[in-house]
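Student: Sharing a structure below in structure tokens format, with a few things to ask.
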Ligand SMILES: Nc1ncnc2c1ncn2[C@@H]1O[C@H](COP(=O)(O)OP(=O)(O)O)[C@@H](O)[C@H]1O
Ligand SMILES: [Mg+2]
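Residue numbers (the working numbering), protein chains in the order written: chain F, 57 to 292; chain V, 5 to 305.
Following this line, the structure appears as structure tokens:
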């Protein structure tokens, strides 16, 4: 077990956004956390990467306590978070956005190498490397956001709704890349998605959140086959 | 003809100093999204520090070095002690303006402290090189060695700061932290330290402005120096004219302001500088609301 969350509660004032959530995700697994808008997915992810203070419970990654640690510290433990809504800086160029992710490593040649590998995964980024991120399409921005996170050579990747606002064809392409990256780089991935079907299709395991609570957790295949889950989240 | 050339020279020199002040305001704005009104006080304090070091070492240049280094230190300290706490504590409806109002308070505090420790003492900084103009065919120009030093120092600072901002890793971290602290932190940037660095660089630029401007003027320092308040207002106007985001813009804004003021004083009336500065500001903002070097796209900062 490498990512262990137990009994985690997070409050936004009077609103309990994450309610006694427990989950275990094995190393190398791609876990899809699905649920409707407002289910607490973003809050859960932000709590894991140190952006949102938690009320109670614990979360650890390979023995490191994730809670009460600053995000800039967690990156150094191998945890990278791509926040909701195209986590790029529009005023910086594509290349600068990528380089930003590897600044803390202080190793320019290694960063260049990593960047080259990211360009192989997302050739579109290489073509646009000198353009401002502001000029990218939604899909390209999402690629850049993921690319920036990969520049840190993470072991645990937290992705918040990479499909948000993208066309179905682009979503399919990006999700395929996420699956390939997970396998090829041996990453552990927590993929938070409202687009439940796309997420479960590439995931190993699935966790269904409802009003901040874990409603179901199982292998992705079983969740896709589960009539209740299908009715509530997959729309058929 | 000579009057025209002299006016240009005077305009460019005072404009260069406004540029430095504008640069220090832009640096703080760019790295922390705060307008630092205390900058006038910090520059005055740094110049007093420089003055004390002139007494110790009998060298303007060594004193300039210490004024810049300690000016940076004071500025970093202000960020760590006051601004950081305010930035973290504040989530209420006045979150955006609270730090700016706080810098106004700091301005008063710094002036008060200078008054307590330095009030009533005479302090004069003499020009390190001659401020007597060069002579061409019997006419003494306004252009003097000191004015050359000032203009070159400003250009040097602008070029090196621009280089740091656009070409180095530190610069990338500075820009990222200003544009999006959250993404910068997620990328592993120690945003707190970077913000402090932004303030330190600004403190250094402000100290340089004070140390260069003082001997170019009367040379006299006083705790309630009108010259420094004027420097703040004109530096601020220059920064806004330049777009508030860009170091190059700050320099263009400063030089433009210096030139326009010099011509109005020379050819129209010496009593109009403030009004002229505000009219220029208004004019530029009406034509280009984003400032000369500002970007068109607005941004929720
Ligand atoms: N910053 C916030 N302040 C107050 N309430 C919030 C905040 N962020 C989220 N919430 C509330 O917490 C709940 C969970 O939100 P969120 O984690 O964004 O869900 P999801 O990502 O699944 O859409 C919602 O009821 C939302 O309104
Ligand atoms: Mg969300």
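Don't be surprised by glycine CBs; every beta carbon is placed ideally from N, CA and C.
Whose C-beta lies closer than 8 Å to the C-beta of residue 207 of chain F among residues of the same chain, with five residues either side of it excluded?
Tutor: Position 151 of the first chain holds residue 207 of chain F. Correct list, in chain order: 154, 155, 156, 157, 158, 167, 170, 171, 174.
Student: Three-state secondary structure (DSSP) at residue 73 of chain F?
Tutor: In the first chain, the residue the question calls residue 73 of chain F occupies position 17. In the structure shown, residue 73 of chain F sits in a strand (DSSP, three-state: E or B).
Student: Can you tell me which of the three DSSP states residue 149 of chain F falls into?
Tutor: On the first chain, position 93 is the one that residue 149 of chain F refers to. Strand, per DSSP.
Student: Go to residue 34 of chain F, then tell me how far its alpha helix (DSSP H) extends in each direction, as first and last residue.
Tutor: Because residue 34 of chain F is not part of the residues shown, which for chain F are 57 to 292, the question remains open.
Student: Taking only the alpha-carbon atoms, compute the straight-line gap between residue 155 of chain V and residue 10 of chain V and give it to the nearest angstrom.
Tutor: The residue you call residue 155 of chain V lines up with position 151 of the second chain. The residue you call residue 10 of chain V lines up with position 6 of the second chain. So the alpha carbons of these two residues sit roughly 15 Å apart.
Student: Can you round the beta-carbon distance between residue 26 of chain V and residue 242 of chain V to whole angstroms, since I take them to be within the 8 Å contact cut?
Tutor: Translated into the one-based positions of the second chain, residue 26 of chain V becomes position 22. Translated into the one-based positions of the second chain, residue 242 of chain V becomes position 238. Yes, they are in contact, since the Cβ atoms of residue 26 of chain V and residue 242 of chain V sit about 4 Å apart, within 8 Å.
Student: To which residues of the same chain is residue 247 of chain V closer than 7 Å at the C-beta, ignoring the five residues directly before and after it?
Tutor: The sequence position of residue 247 of chain V within the second chain is 243, counting from 1. The residues are 253, 294, 295, 296, 297, 298.
Student: Name the one or two DSSP bridge partners that residue 196 of chain V has.
Tutor: Translated into the one-based positions of the second chain, residue 196 of chain V becomes position 192. Residue 196 of chain V pairs with nothing; no bridge assigned.
Student: With 8 Å as the threshold, decide whether the Cβ of residue 208 of chain F is near any Cβ in chain V.
Tutor: Position 152 of the first chain holds residue 208 of chain F. It does: the Cβ of residue 208 of chain F has a partner Cβ on chain V nearer than 8 Å.
Student: Measuring only between beta-carbons, confirm whether residue 295 of chain V sits less than 8 Å from chain F.
Tutor: Counting from one through the second chain, the residue named residue 295 of chain V turns up at place 291. Not one chain F Cβ lies under 8 Å of residue 295 of chain V.
Student: Contact check, residue 288 of chain V vs residue 245 of chain V under 8 Å by CB: the rounded distance?
Tutor: Position 284 of the second chain holds residue 288 of chain V. Position 241 of the second chain holds residue 245 of chain V. Correct: roughly 5 Å between the Cβ atoms.
Student: List the residues of chain F that residue 173 of chain V touches, going by C-beta distances under 7 Å, in chain order.
Tutor: Numbered from its first residue, the second chain carries residue 173 of chain V at position 169. Here the neighbours are 159.
Student: Any contact between the stretch 212-223 of chain V and the stretch 182-194 of chain F? By contact I mean 3 or more CB pairs, one from each, below 8 Å.
Tutor: No, the stretch 212-223 of chain V does not touch the stretch 182-194 of chain F.
Student: Put residue 181 of chain F into one of helix, strand or coil per three-state DSSP.
Tutor: Residue numbering aside, residue 181 of chain F sits at position 125 when the first chain is read from its first letter. Residue 181 of chain F: helix per DSSP, three-state reduction.
Student: Quick one: is residue 89 of chain F buried, meaning 16 or more other Cβ sit within 10 Å of its Cβ, or exposed?
Tutor: Numbered from its first residue, the first chain carries residue 89 of chain F at position 33. It is buried - the Cβ of residue 89 of chain F has at least 16 other Cβ atoms within 10 Å.
Student: Examine ligand 2 and report whether any of its heavy atoms sits within less than 7 Å of the Cβ of residue 151 of chain V.
Tutor: Position 147 of the second chain, counted from the start, is the residue given in the question as residue 151 of chain V. It does not: the Cβ of residue 151 of chain V is nowhere closer than 7 Å to a heavy atom of ligand 2.
Student: With H, G and I counted as helix, E and B as strand and the rest as coil, what does DSSP make of residue 123 of chain V?
Tutor: Position 119 of the second chain, counting from 1, holds the residue named residue 123 of chain V. Coil, per DSSP.
Student: Excluding five sequence neighbours on each side, which residues of the same chain lie with their C-beta closer than 7 Å to the C-beta of residue 140 of chain F?
Tutor: Position 84 of the first chain, counted from the first residue, corresponds to residue 140 of chain F. Closer than 7 Å at Cβ, skipping near neighbours: 98, 216, 217, 220.
Student: DSSP three-state label for residue 239 of chain F, please.
Tutor: Reading the first chain from its first residue, position 183 is the one you call residue 239 of chain F. In this structure, residue 239 of chain F counts as helix in the three-state DSSP scheme.
Student: Roughly how many angstroms lie between the CA atoms of residue 85 of chain F and residue 189 of chain F, to the nearest whole one?
Tutor: Taking the first residue of the first chain as 1, we reach residue 85 of chain F at position 29. Taking the first residue of the first chain as 1, we reach residue 189 of chain F at position 133. So the two alpha carbons sit approximately 30 Å from each other.
Student: How would you write the range of the alpha helix (DSSP H) that residue 173 of chain V sits in, first residue to last?
Tutor: For the purposes of this step, residue 173 of chain V is taken as residue 169 along the second chain, with counting starting at 1. Counting along the chain, the alpha helix (DSSP H) containing residue 173 of chain V begins and ends at 173-183.
Student: Taking the C-alpha atoms as reference points, what is the distance between residue 179 of chain V and residue 169 of chain V?
Tutor: The count along the second chain starts at 1 and reaches residue 179 of chain V at position 175. The count along the second chain starts at 1 and reaches residue 169 of chain V at position 165. Approximately 7 Å between the Cα atoms of the pair.
Student: Would you kindly work out how many angstroms separate the C-alpha atoms of residue 268 of chain V and residue 280 of chain V, rounded to a whole number?
Tutor: Looking up residue 268 of chain V in the second chain gives position 264. Looking up residue 280 of chain V in the second chain gives position 276. Looking at the two C-alpha atoms, the distance is approximately 8 Å.
Student: Among F:224, F:100, F:58, which one has its Cα closest to the Cα of residue 134 of chain F?
Tutor: Numbered from its first residue, the first chain carries residue 134 of chain F at position 78. Among F:224, F:100, F:58, the Cα nearest to that of residue 134 of chain F is on F:58.
Student: Would residue 78 of chain F pass as a contact of residue 270 of chain F if the rule is Cβ separation under 8 Å?
Tutor: Numbered from its first residue, the first chain carries residue 78 of chain F at position 22. Numbered from its first residue, the first chain carries residue 270 of chain F at position 214. Taking 8 Å as the Cβ cut-off, residue 78 of chain F and residue 270 of chain F qualify as a contacting pair.
Student: To which residues does DSSP link residue 249 of chain F through a beta bridge?
Tutor: Here residue 249 of chain F corresponds to residue number 193 of the first chain, with the count starting at 1. Partner(s): F:90.
Student: Along the stretch 169-200 of chain V, where does the CB come closer than 8 Å to a CB of chain F? Name the residues.
Tutor: The stretch 169-200 of chain V vs chain F, Cβ under 8 Å: 173, 176, 177, 179, 180, 183, 184, 186, 187, 188, 189, 190, 191, 192, 193, 194, 195.
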